[in-house]
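One structure is given below, encoded as C-alpha coordinates.
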Amino acid sequence: MALLSFEKKYRVRGGTLIGGDLFDFWVGPFYVGFFGVTTIFFTFIGVALILWGAALGPTWNIWQISINPPDIKYGLGLAPMKEGG
38 MALLSFEKKY RVRGGTLIGG DLFDFWVGPF YVGFFGVTTI FFTFIGVALI LWGAALGPTW
98 NIWQISINPP DIKYGLGLAP MKEGG
(Lines of atoms letter the chains of each structure in order from A; the text may use other names.)
(Lines give C-alpha, C1' and ligand atoms only; values in the text may rest on other atoms or scores of the structure.)
Protein backbone atom coordinates (compact mmCIF):
# COMPACT_ATOMS: atom_id res chain seq x y z
CA MET A 38 0.00 0.00 0.00
CA ALA A 39 1.56 3.25 -1.11
CA LEU A 40 1.85 6.19 1.27
CA LEU A 41 -0.27 9.19 0.40
CA SER A 42 1.51 12.50 -0.08
CA PHE A 43 0.41 13.92 3.29
CA GLU A 44 1.41 10.77 5.22
CA LYS A 45 5.12 11.44 4.65
CA LYS A 46 4.88 14.46 6.96
CA TYR A 47 3.00 12.75 9.79
CA ARG A 48 4.14 9.13 9.70
CA VAL A 49 7.71 9.34 10.98
CA ARG A 50 10.05 7.12 12.98
CA GLY A 51 9.68 7.18 16.74
CA GLY A 52 5.90 7.17 16.68
CA THR A 53 5.61 3.93 18.61
CA LEU A 54 4.71 2.98 22.17
CA ILE A 55 8.39 2.45 23.00
CA GLY A 56 10.11 5.27 21.16
CA GLY A 57 7.60 8.09 21.22
CA ASP A 58 4.44 9.50 22.65
CA LEU A 59 2.09 6.98 24.29
CA PHE A 60 -0.92 8.19 22.29
CA ASP A 61 0.82 8.74 18.95
CA PHE A 62 1.50 5.45 17.17
CA TRP A 63 0.48 3.38 14.19
CA VAL A 64 -0.64 -0.25 13.88
CA GLY A 65 0.09 -1.19 10.30
CA PRO A 66 -1.61 1.39 8.07
CA PHE A 67 -3.92 2.56 10.90
CA TYR A 68 -3.26 5.57 13.11
CA VAL A 69 -4.32 4.79 16.69
CA GLY A 70 -3.87 8.07 18.53
CA PHE A 71 -5.56 9.24 21.74
CA PHE A 72 -9.08 8.18 20.78
CA GLY A 73 -7.89 4.74 19.69
CA VAL A 74 -6.17 4.18 23.02
CA THR A 75 -9.23 5.33 24.98
CA THR A 76 -11.47 3.12 22.82
CA ILE A 77 -9.32 0.08 23.55
CA PHE A 78 -9.29 0.90 27.29
CA PHE A 79 -13.06 1.31 27.58
CA THR A 80 -13.67 -1.78 25.43
CA PHE A 81 -11.78 -3.87 27.98
CA ILE A 82 -13.69 -2.20 30.83
CA GLY A 83 -17.02 -2.91 29.12
CA VAL A 84 -16.20 -6.54 28.39
CA ALA A 85 -15.05 -7.01 32.00
CA LEU A 86 -18.33 -5.58 33.33
CA ILE A 87 -20.38 -7.81 31.03
CA LEU A 88 -18.43 -10.90 32.08
CA TRP A 89 -18.77 -9.91 35.75
CA GLY A 90 -22.54 -9.50 35.33
CA ALA A 91 -22.73 -12.91 33.68
CA ALA A 92 -20.65 -14.44 36.49
CA LEU A 93 -23.15 -13.19 39.11
CA GLY A 94 -25.89 -15.29 37.52
CA PRO A 95 -27.04 -18.72 38.64
CA THR A 96 -25.62 -20.71 35.71
CA TRP A 97 -22.50 -21.03 33.58
CA ASN A 98 -24.36 -22.57 30.62
CA ILE A 99 -23.51 -20.24 27.71
CA TRP A 100 -27.05 -20.51 26.28
CA GLN A 101 -28.80 -19.69 29.58
CA ILE A 102 -26.75 -16.72 30.77
CA SER A 103 -28.97 -13.67 31.15
CA ILE A 104 -28.01 -10.21 32.33
CA ASN A 105 -31.31 -8.68 33.36
CA PRO A 106 -31.88 -4.92 33.62
CA PRO A 107 -32.31 -3.31 37.05
CA ASP A 108 -35.71 -3.03 38.70
CA ILE A 109 -37.95 -0.13 37.66
CA LYS A 110 -37.83 1.33 41.19
CA TYR A 111 -34.30 2.63 40.50
CA GLY A 112 -35.50 4.74 37.58
CA LEU A 113 -32.62 6.43 35.81
CA GLY A 114 -30.40 6.32 38.91
CA LEU A 115 -27.54 3.93 39.54
CA ALA A 116 -28.65 0.52 40.75
CA PRO A 117 -26.49 -1.86 42.81
CA MET A 118 -24.40 -4.15 40.60
CA LYS A 119 -25.83 -7.30 42.17
CA GLU A 120 -29.33 -6.16 41.21
CA GLY A 121 -28.60 -5.49 37.55
CA GLY A 122 -26.95 -2.06 37.82
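In our numbering, the protein residues as written are 38 to 122. A virtual CB, placed ideally from N, CA and C, is assigned to each residue, including glycine.
**OP:** For the alpha helix (DSSP H) containing L86, list its first residue and its last residue.
**Re:** In the sequence shown, counting from the first residue as 1, residue 86 sits at position 49. Per DSSP, the unbroken alpha helix (DSSP H) holding L86 starts and ends at G70 to A92.
Subject >> Opposing strand residues paired with F67 [DSSP bridges] >> reply: As a first step, residue 67 is located in the sequence shown; it is residue number 30 there, counting from the start. Looking at the DSSP assignment, F67 forms a beta bridge with V64.
Original post:
Are the beta-carbon atoms of G70 and F60 separated by less than 8 Å?
Top reply: The residue given as residue 70 occupies position 33 in the sequence shown. The residue given as residue 60 occupies position 23 in the sequence shown. For G70 and F60, yes; Cβs fall inside 8 Å.
Original post:
What's the gap between the Cα of E120 and the Cα of T80?
Top reply: As a working mapping, residue 120 is identified with position 83 in the sequence shown. As a working mapping, residue 80 is identified with position 43 in the sequence shown. Computed Cα separation, rounded: 23 Å.
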